[in-house]
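Beneath this line is the structure, given in structure tokens, with notes to follow.
Numbering (my numbering), first residue to last: 4 to 368.
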């Protein structure tokens with residue numbers, strides 16, 4: 004097999020015009036977000052699966068975005084997986100453990116719920132995150148992040164995971180969703196796209212909560228040891244998770260504390276360039292499921308962070324986002340009461356069930 008596809012493994016168990024106008028309205032938000040993030044920038048491995056769970060393997064996939072960069076991930080599959088592989092991309096300040104959240108008897112693990120539904124997953128650390136390669140922080144752009152995901156998809160299709168996956172569904176959360184939308188709209192290499200914790204209209208209040216806590220990752224004891232020496236292009240956001248990512252009525256304080264303790268760093272470069280995803284969604288022509296928590300402070304109006312996206316119901320979310328996906332087979336879902344980090348909500352299993360149902364529906368049709 005070509006070196007590019009080599010993987011090292013270690014077993015661990017509306018109208019077009021109307022659409023464009025709405026797009027321009029959404030674009031207005033993003034320069035503000037970039038400016039605040041730039042100002043702020045200046046001023047854990049997956050656990051082994053239990054016997055009854057999926058078989059999981061640590062993988063490292065070569066990509067060409069930064070010469071000899073590698074993307075680290077955890078590949079999990081049930082005994083008899085369906086034909087679809089889900090590639091899972093976490094949001095900013097998270098690594099792949101967001102998808103297989105440790106402890107709590109697996110209650111908050113998207114990966115283990117997917118396995119019980121017969122679905123294989125590959126949860127990755129994006130470029131610059133976790134165990135993946137860490138280029139100079141300001142040089143990691145949304146485009147390079149999307150390219151890295153594209154190369155991972157190609158490797159999975161080519162058999163680098165031990166079998167050739169012919170049906171690939173890309174699943175993102177928050178900034179991972181924005182990267183996934185950019186990838187899907189640019190490369191047209193996935194069979195479905197699941198967007199969670201994201202919309203085209205971020206709320207200024209929600210963004211301000213995050214940015215207000217941002218600091219160089221080298222200055223945060225929780226992330227300093229995982230950042231290249233002297234690189235101020237990596238940011239950490241300590242102390243903001245309760246206010247920005249969780250809804251008080253739909254979260255366990257112990258989960259929030261664990262989430263805070265396992266925070267990861269993100270890069271200024273990718274955050275500053277992420278608005279390029281907006282035009283890409285007009286070119287996505289595969290099934291898309293958008294899932295948001297009704298109390299998401301970052302991307303939903305009901306979260307009271309200033310977003311213009313209506314997440315009061317699935318129908319309302321559909322109306323808000325449909326103009327940006329004119330070619331896609333769009334479906335929407337809302338998780339009642341959930342905050343931004345849907346996987347960690349008390350009722351996250353409802354989202355996991357809906358996600359698995361949707362993946363099966365598009366892979367078996």
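Every residue gets a Cβ at the ideal spot worked out from N, C-alpha and C, and that includes glycine.
Along the chain, where does the beta strand (DSSP E) containing residue i start, and where does it finish?
i	result
residue 293	290 to 296
residue 335	332 to 338
residue 113	From DSSP, residue 113 is part of no beta strand (DSSP E) but of the alpha helix (DSSP H) over 113 to 119.
Between which two residues does the alpha helix (DSSP H) harbouring residue i extend?
i	result
residue 92	It is not in any alpha helix (DSSP H) - residue 92 instead sits in the beta strand (DSSP E) that spans 87 to 92.
residue 258	256 to 264
residue 281	280 to 283
residue 365	351 to 366
residue 210	207 to 216
residue 78	Segment 72 to 80 is the beta strand (DSSP E) holding residue 78; no alpha helix (DSSP H) there.
residue 153	145 to 160
Leaving out the 5 sequence neighbours to the left and right, which residues in its chain are closer than 6 Å to residue i when beta-carbon positions are compared?
i	result
residue 245	259
residue 383	Because the chain in this structure spans residues 4 to 368, residue 383 falls outside the shown range and cannot be described.
residue 296	338, 341, 342, 345
residue 34	Note on residue 34: pLDDT 47, under 50, position unreliable in the model; no value is reported.
residue 335	293, 317, 320, 321
residue 46	Confidence at residue 46 is low in this model, with a pLDDT of 36, below 50, so the placement of that residue should be treated as unreliable; the coordinate-derived value is given next. Hits under 6 Å: none found.
residue 176	93, 94, 199, 200
residue 363	none
residue 44	Because the pLDDT of residue 44 is 39, which lies under 50, any placement of that residue in the model is unreliable, and the number read from its coordinates should be weighed accordingly. Excluding residues within five positions, the ones whose Cβ falls inside 6 Å are 238, 271.
residue 303	295, 310, 312, 314
Which residues in the same chain have their Cβ closer than 7 Å to the Cβ of residue i, if we skip the five residues on either side of it in sequence?
i	result
residue 107	258
residue 133	75, 98, 99, 267
residue 193	156, 171, 172, 173, 187, 289
residue 213	240, 243, 247
residue 231	137
Relative to the alpha-carbon of residue i, which residue among the options has its alpha-carbon at the smallest distance?
i	options	result
residue 110	361, 353, 360, 365	353
residue 131	184, 357, 237, 255	237
residue 143	185, 153, 129	129
residue 369	300, 169, 141	With the chain running from 4 to 368 in the structure shown, residue 369 is simply not present.
residue 370	222, 120, 221, 181	Only positions 4 to 368 of the chain appear in the structure, and residue 370 is not among them; the question remains open.
residue 86	121, 218, 96	121
residue 249	220, 209, 230, 229	209
residue 272	88, 79, 149	149
residue 263	305, 347, 304	347
residue 119	366, 311, 358	358
residue 351	228, 145, 254	254
residue 349	305, 298, 323	298
residue 283	96, 167, 265, 190	190
Would you call residue i buried or exposed, if buried means 16 or more other Cβ atoms sit within 10 Å of its Cβ?
i	result
residue 70	exposed
residue 360	exposed
residue 308	buried
residue 67	exposed
residue 313	buried
residue 83	exposed
residue 355	buried
residue 205	buried
(request) Specify whether the region 54 to 65 and the region 98 to 115 touch according to this definition: at least 3 beta carbon pairs, one from each stretch, less than 8 Å apart. (result) Taking a cut-off of 8 Å for Cβ pairs, the region 54 to 65 and the region 98 to 115 touch, as three or more such pairs fall below it.
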